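Protein chains in written order, with this note's numbering: chain A, 19 to 784; chain B, 3 to 163.
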Amino acid sequence: MTSIADRSTPKSGYQVVGSRPIRHDGVDKVTGRARYGADVRLPGVLHGKILRSPHGHARIVSIDVSKALALPEVKAVVTSADVPIVKDTLIDFGETMGNARLLAENCLARDKALYRGHAVAAVAAANPHVAEEALALIEVEYEPLPVVLNALDAMREDAPLLHEAMTTRSIAERWTRGDDTGVHSNVASRLRFSRGDLDEGFAAADVVVEREFTTSTVHQGYIEPHTSTASWAPDGHVTIWTSTQGAFGIRGQAAAILGVPEGRVTVIPMEIGGGFGAKTYVHVDPVAALLSRASGQPVQVTMSRTEVFEASGPTSATTIRARIGATNEGVITAAQLWMAYEAGAFPGSPVGAGAMTALAPYDIEHLLVDGYDVVVNKPKVGAYRAPGSPQAAFAVESVIDEIAEAIGMERMEFRLRNATREGDRMPSGMAFPSIGCVEVEEAIVNHPHYSAPIEGPNRGRGVAMGFWFNGGNQSSATVAVNADGTIALVTGSVDIGGMRAALAMQAAETLGLRAEDVQPSVGDTDSVGWTGVTGGSRTAFSTGIAVITAAEDVKLQMTQRAAILLEAEPDDVTFADGAFSAGGGKSISWKEVAGQQLRTGGPISASASSNPTRVGPAFAGNIVDVEVDPETGKVDILRFTVIQDAGTAIHPSYVEGQMQGGAVQGIGWALNEEYVWREDGSMANASFLDYRMPTSLDLPMIDTQIVEVPNPGHPYGIRGVGEVPIVPPMAAIANAVHDATGVRMTHLPMSPANVLEALGAVPPEG
Amino acid sequence: MPMRRSHVQTTLNGEEIDFLCEPRQSLLEVLRDELGLTGTKEGCNNGNCGACSVILNGRVTNACCVLGVEAEGASVVTIEGVAEGDRLHPLQQAFLEEAALQCGVCTPGFIVAAKALLDAEPNPDEGRVRHWLAGNLCRCTGYDKIVRAVLKASDAQEVTA
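This is the structure we're talking about:
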């Protein structure tokens, strides 16, 4: 038998927080018992397959499904004609607001296919191979249109327009839709952050460095493809079993697209095989539901890996111009950024977040940040771990290193001299709360890796910082006391990387129990209150607050019951070490009170929700050693250290895991990963063989050091940890490559071919 | 059109079984859709990610790249056959203790692949483990804790043996 025993030591001052219990869902996940989205098996289930556009941009002239429908094995065929929503409808996606009509058109193209792989029609049959074959019987007449594949081309006045009616919105800050400028273009919106007097700032600088950086489209690369199983019952109730980071967001989106009241949609989140932000929007859920309505049977739709690459939501390719000035004494006087982020086929790139985060590690008096959200004929971008920040940090942290070199100042000394502190203003103008920027930078300087000798030719060391503001958002939790004194904990937060354990530990800490005394589970949309996505580095923090609040309520009720049993006044009863005590040496254990709950007033449970306002932002830094092969251009990672402020690490192993995983996604982004586009808008490398994510063989161990600057906005001091570790690696590696070769890399990925070209070893392509 | 189904006899997780499948169905489809063993995962369906790793006649194999009918007369071990009753395999125990999984969808493939390694080579070093597991993709962990778990399980096996 495997027990979920806690064999580690908690943080000083805590009983549970800081220890490393075995996660509650662990045994299911190492034995194959855990049920993920594609593991749903329903009686009479059909398999749905999706026909996708072979064109990067085309008008859909006609769709004839009659031959497919004539096959006796085919139970349903749907197209956008079956999608009820036709009007712009602003809905709450869970993390942000969005237009449900555009979301629906991303699920099934209406008038135009806007990217290669855009869904056009779908078929359901009992046999998945038959469904696949039936796709070939659907006749679609396309009128191909010119394809535009990068932001700079798309911003030209003569560029082909993806959305003829779209006009540019001008926004001042994140979350607002902004003023309509009335200008028709592929620029969905532009934003600006401005502070001080830029000319004055640059005039005061002794050194000004200006460079342009470009990054490629990259994918989150979760191993589990998108999958959804839907059952549309004869009474009109829709049930969806899906792989998502947020069941309530999927419910809201599906309801709006399907034209069904939200209360008539139940979303059951299955275990999720990775998301990194991308599994917060519907792709196949509405399609499965429409096929179910048409066939009268449940339908499962699972993407192939090629479909995941071509038709889910990767993150933006970008062009960023960074211009930063500093004095010879090492004071940054001014910074200017011009950022164009590709949104894919529909508006909504993370350029706003990039603008908010890019300069955050530095206190700068004069700055100007311009951002552009640009539609291109690529899949609509989704969120990817600290969306928008890694590209921006690649630019800014490269220039910061270059300035330090130019003025002859040690690179961390330069960063520390300008480091941002509590009360300083973010680029967006808001004041920083308690933050750990300086603490992380000092930890870098003091880390043995930073001062270790680096020997051998073609080797170099780089550092970089990264920032993510972290999310708050709302969550719900229910805590119930079992007769044996254990606790049942239900939240709406999907568990992607140990969240059950992190939440159970907070309940246990609050109630004076052990982590294994809490049985955490993930509720569906009918069994727990509204809860935002597991994303935005918000869940341990915000759902944690809901859990603690509910647990405090339960503790109060238990104290009142103990008072009855002890024949004392509740105010005279104290709880410590698992027992309630009153005056006169009277005492009763938690377990006994729990056992008596039905005879002292009824079942004990409490629900609570969170609406936190004091989110703790996070900083991270990397130290990396590389070796560059001058003959092949290959960059090897010799040593990698991640240093990050976690506020308080609830379960340090899973905090380290986030740091390591984020760093390695960053390493992949830095060195190999990119969508290779053909001129017609198709992707030349839509497989895991050719889209080259890091393997175990590509990497050393990833060292971690957790810095803890507690967040005063959480009872235990939690800061979100999931996203910020992906921010610094690209810049840190680029700085290391520069240290090794003297060459500054300004394009991602730093693949062998691109490095060789930069080294001057081969002429540029084409 | 649905195809005529073939009758296949095989040994699955130590038990002799038989099943019917279409000749075009992969072993992965058979395990998941015909036999209900959904612990073996599909990540790519073309042999690149290792999420569907099984041990076929003693060798780690991507079940998506083998036809179900090829299991005739063979021995197949899946993640469901790694633990003995309620006794976890040392690898499973080590994955839990080392926090070597996050989302967990690649985990069955890693454990099956690592089991094949430890069955053949009880004392691999870090480089050998990294080389052996290079056919299994994990996107959450960065592999650090997975490699540590396999090395720990190797030590644990030694103590038990």
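Backbone N, C-alpha and C define an ideal beta-carbon position, used for all residues, glycine too. Predicted, not measured: the structure shown is a model, and the values here were computed from it.
Among residues of its own chain, excluding the 5 on either side of residue i, which ones have a beta-carbon nearer than 6 Å to its beta-carbon?
i: residue 53 of chain B; result: 43, 45, 108 and 111
i: residue 83 of chain A; result: 95 and 156
i: residue 452 of chain A; result: 440 and 730
i: residue 64 of chain B; result: 49 and 54
i: residue 138 of chain B; result: 52, 111, 112 and 115
i: residue 368 of chain A; result: 405 and 406
i: residue 563 of chain A; result: 628 and 630
i: residue 456 of chain A; result: 437
i: residue 193 of chain A; result: With a pLDDT of 47 at residue 193 of chain A, under the threshold of 50, the modelled position of that residue is not reliable, and the figure given next carries that caveat. Around residue 193 of chain A: no qualifying Cβ.
i: residue 449 of chain A; result: 441 and 443
i: residue 784 of chain A; result: Low per-residue confidence applies at residue 784 of chain A: pLDDT is 46, beneath 50, and the placement is therefore not dependable enough to give any value.
i: residue 197 of chain A; result: 188
Using only CA atoms, which one of the options lies nearest to residue i?
i: residue 170 of chain A; options: A:443, A:66, A:119 and A:338; result: A:338
i: residue 245 of chain A; options: A:627, A:523, A:57 and A:697; result: A:57
i: residue 813 of chain A; options: A:229, A:705 and A:202; result: This structure does not reach residue 813 of chain A, given that chain A is present from 19 up to 784, and the question cannot be answered.
i: residue 263 of chain A; options: A:376, A:649, A:711 and A:552; result: A:552
i: residue 130 of chain B; options: A:747, A:737, A:718 and A:413; result: A:718
i: residue 141 of chain B; options: A:471, A:88 and A:680; result: A:680
i: residue 289 of chain A; options: B:41, B:159 and B:152; result: B:41
i: residue 135 of chain A; options: A:63, A:60 and A:322; result: A:322
i: residue 683 of chain A; options: A:757, A:292 and A:340; result: A:292
Please list the partners that residue i has in chain B, where partner means a Cβ-to-Cβ separation under 7 Å.
i: residue 147 of chain A; result: 26
i: residue 706 of chain A; result: 46, 50, 51 and 139
i: residue 751 of chain A; result: Residues of chain B passing the Cβ test: none, with the nearest at roughly 14 Å.
i: residue 40 of chain A; result: 98 and 99
i: residue 292 of chain A; result: 105, 107, 141 and 142
i: residue 653 of chain A; result: What residue 653 of chain A touches in chain B: nothing, since even the nearest Cβ is about 17 Å away.
Check for me: the beta strand (DSSP E) holding residue i runs from which residue to which?
i: residue 286 of chain A; result: 283-287
i: residue 22 of chain B; result: 17-23
i: residue 231 of chain A; result: 225-233
So with CB distances below 8 Å, who are the chain B contacts of residue i?
i: residue 434 of chain A; result: Ordered by position in chain B, no residue passes the 8 Å Cβ test against residue 434 of chain A, which lies about 28 Å from the chain.
i: residue 516 of chain A; result: 101 and 104
i: residue 540 of chain A; result: None at all; the shortest Cβ gap to chain B is about 13 Å.
Just to confirm my understanding: we take residue i, look at its own chain, exclude 5 residues before and 5 after, and list those with CB closer than 7 Å. What are they?
i: residue 735 of chain A; result: 665, 666, 728 and 729
i: residue 404 of chain A; result: 486, 741, 742, 744 and 745
i: residue 28 of chain A; result: 34, 35, 36 and 37
i: residue 303 of chain A; result: 246, 248, 258, 260, 268 and 272
i: residue 606 of chain A; result: 580, 583, 584, 597 and 598
i: residue 543 of chain A; result: 265, 266, 269, 284 and 285
i: residue 588 of chain A; result: 577, 578 and 581
Listing by chain order, which chain A residues have their CB less than 8 Å from the CB of residue i?
i: residue 38 of chain B; result: 59
i: residue 147 of chain B; result: 671, 674, 675 and 678
Output, in chain order, the set of chain A residues within a Cβ distance shorter than 7 Å of residue i.
i: residue 53 of chain B; result: 241
i: residue 143 of chain B; result: 675, 678 and 679
Would you mind reading off the limits of the alpha helix (DSSP H) that contains residue i?
i: residue 772 of chain A; result: 770-776
i: residue 92 of chain B; result: 92-99
i: residue 133 of chain A; result: Counting along the chain, residue 133 of chain A falls outside any alpha helix (DSSP H), and DSSP gives it neither H nor E.
i: residue 582 of chain A; result: 562-584
i: residue 675 of chain A; result: 670-689
So which residues on chain B does residue i lean against when the C-beta distance must stay under 9 Å?
i: residue 174 of chain A; result: Here the premise fails: no neighbours, minimum Cβ distance about 36 Å.
i: residue 289 of chain A; result: 105, 106 and 107
Tell me which same chain residues have a C-beta within less than 8 Å of the C-beta of residue i, skipping the five on either side of it?
i: residue 48 of chain B; result: 66 and 67
i: residue 69 of chain B; result: 25, 26, 27, 28 and 29
i: residue 601 of chain A; result: 586 and 590
Report the neighbours of residue i on chain A: residues whose CB is nearer than 9 Å to its CB, in chain order.
i: residue 41 of chain B; result: 49, 50, 51, 52 and 57
Determine which residues of the region 90-114 of chain B have a Cβ less than 7 Å from any Cβ of chain A, and write them out in chain order. So the close ones are 90, 94, 95, 97, 98, 99, 101, 103, 104, 105, 106, 107, 108, 109, 110 and 113.
Which residues, in chain order, does the region 111-136 of chain B contribute to contact with chain A at a C-beta distance below 7 Å? From the region 111-136 of chain B, only 113, 132, 133, 135 and 136 have a Cβ closer than 7 Å to chain A.
Interface positions of the region 44-55 of chain A facing chain B (Cβ-Cβ less than 9 Å), listed along the chain: Those residues of the region 44-55 of chain A that come within reach of chain B (Cβ to Cβ, closer than 9 Å) are 44, 45, 46, 47, 48, 49, 50, 51, 52, 53 and 54.
What residues from the region 148-159 of chain B come within 9 Å of chain A, judged by C-beta to C-beta, listed N to C? Result list: 148, 149 and 150.
Contact list for the region 321-336 of chain A against chain B, Cβ threshold 7 Å: Residues 322 and 323.
Short-range partners of chain B found in the region 700-727 of chain A, where Cβ spacing is below 7 Å: Listed in sequence order: 705, 706, 707, 711, 713, 714, 715, 717, 719 and 720.
Listed from N- to C-terminal order along the chain, which residues in the region 397-430 of chain A have their beta-carbon within a distance smaller than 7 Å of any beta-carbon of chain B? Per Cβ criterion, the list is empty.
Give me the subset of the region 481-514 of chain A whose CB atoms are less than 9 Å from a CB atom of chain B, sorted by chain position. Of all residues in the region 481-514 of chain A, those with a C-beta nearer than 9 Å to a C-beta of chain B are 513 and 514, reading in chain order.
Could you list the residues in the region 73-91 of chain B with a C-beta less than 8 Å from some C-beta on chain A, going in chain order? Cβ contacts with chain A come from 80, 81, 82, 84, 85, 88, 89 and 90.
Using a Cβ-Cβ cut-off of less than 9 Å, give me the residues of the region 591-602 of chain A that come near chain B, in sequence order. Per Cβ criterion, the list is empty.
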